Amino acid sequence: MTDLDTRQGWMGLLSRAPADRLEALWKTLGIDDPAFHWLRAPETGGVMVRGRMGGTGAPFNLGEMTVTRCALRLKQGADGHAYVQGRDKAKARRAALVDALMQTDRADDLRRGLLAPLAQDMADAAASRAARAEATKVAFFTMVRGED
């Protein structure tokens, strides 16, 4: 499960969360969008994705991925940043707002009402995928003949 107490943990969760679920959870909190100004308005671009064979081999360029990024500053002074996969500028804005608010006195409310449910949803989805994969597992065995 994601570490919701570190900035790296909640930013990673926000970047992977489905946009519609993120927005629905935000609405259930009843928090109005706080006043902010853009440090960097949402913009879409590409990043190179790198991989390693077996997780330990030499790195290689796998291909490009589209991302949207933005940065904002709340009137209270907290900065929020977001990088999200795809072209969804509204999701990037929401993720940056959550990031900024996690650095204020609203952090506990957001952790309980938004981040924890998102983390649980993603853990449930991963468990479901693992169960489906486990159902297709085939156990192979070799019979060894005794010596004559």
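Using the numbering used here, the first residue of the sequence shown is number 1023, and each one after it goes up by one. Note that CB positions come from ideal geometry on N, CA and C, so glycine has one too. Treat the numbers as computed from the prediction; the structure is a model and nothing was measured.
**Message:** Taking the straight line between their C-alpha atoms, what separation do you get for Gly1034 and Gly1052?
**Reply:** Reading the sequence shown from its first residue, position 12 is the one you call residue 1034. Reading the sequence shown from its first residue, position 30 is the one you call residue 1052. The straight-line gap from Cα to Cα measures roughly 23 Å.
**Prompt:** Around the Cβ of Arg1167, are there at least 16 other Cβ atoms within 10 angstroms (buried) or fewer (exposed)?
**Reply:** As a first step, residue 1167 is located in the sequence shown; it is residue number 145 there, counting from the start. The residue is exposed, with fewer than 16 neighbouring Cβ atoms inside 10 Å.
**Reduced DSSP secondary structure (H/G/I, E/B, other) of Leu1096** = The residue given as residue 1096 occupies position 74 in the sequence shown. Here Leu1096 sits in strand by DSSP.
**Item:** Residues near Trp1048 by beta carbon distance below 8 Å, same chain, minus five either side
**Value:** The residue you call residue 1048 lines up with position 26 of the sequence shown. The beta carbon of Trp1048 is closer than 8 Å to those of Arg1116, Val1120, Leu1136 in its chain, skipping five residues each way along the sequence.
**Message:** Would Met1095 and Ala1122 be called neighbours here (beta carbons separated by less than 9 Å)?
**Reply:** Position 73 of the sequence shown, counting from 1, holds the residue named residue 1095. Position 100 of the sequence shown, counting from 1, holds the residue named residue 1122. Residue identity differs from the one stated: residue 1095 is Arg in this sequence, not Met. In this structure, Arg1095 lies near Ala1122, with their beta-carbon atoms less than 9 Å apart.
**Message:** Would Asn1083 and Arg1074 be called neighbours here (beta carbons separated by less than 9 Å)?
**Reply:** Within the sequence shown, numbered from 1, the residue matching residue 1083 stands at position 61. Within the sequence shown, numbered from 1, the residue matching residue 1074 stands at position 52. Not a contact, by the Cβ cut-off of 9 Å.
**Request:** Output the distance between the C-alpha atoms of Val1069 and Pro1056, rounded to the nearest integer angstrom.
**Result:** Indexing the sequence shown from 1 puts residue 1069 at position 47. Indexing the sequence shown from 1 puts residue 1056 at position 34. Between Val1069 and Pro1056, the C-alpha separation is close to 30 Å.
**Prompt:** What separation, rounded to the nearest whole angstrom, lies between the Cα atoms of Leu1044 and Phe1162?
**Reply:** Taking the first residue of the sequence shown as position 1, residue 1044 is located at position 22. Taking the first residue of the sequence shown as position 1, residue 1162 is located at position 140. Cα atoms of Leu1044 and Phe1162: separation of roughly 43 Å, rounded to the nearest angstrom.
**Message:** Classify Lys1113: buried if its beta carbon has 16 or more other beta carbons within 10 angstroms, exposed otherwise.
**Reply:** Residue numbering aside, residue 1113 sits at position 91 when the sequence shown is read from its first letter. Its Cβ being crowded by 16 or more others within 10 Å, Lys1113 is buried.
**Request:** Taking only the alpha-carbon atoms, compute the straight-line gap between Cys1092 and Val1160 and give it to the nearest angstrom.
**Result:** The residue you call residue 1092 lines up with position 70 of the sequence shown. The residue you call residue 1160 lines up with position 138 of the sequence shown. Near 46 Å, if we compare the C-alpha coordinates of Val1160 and Cys1092.
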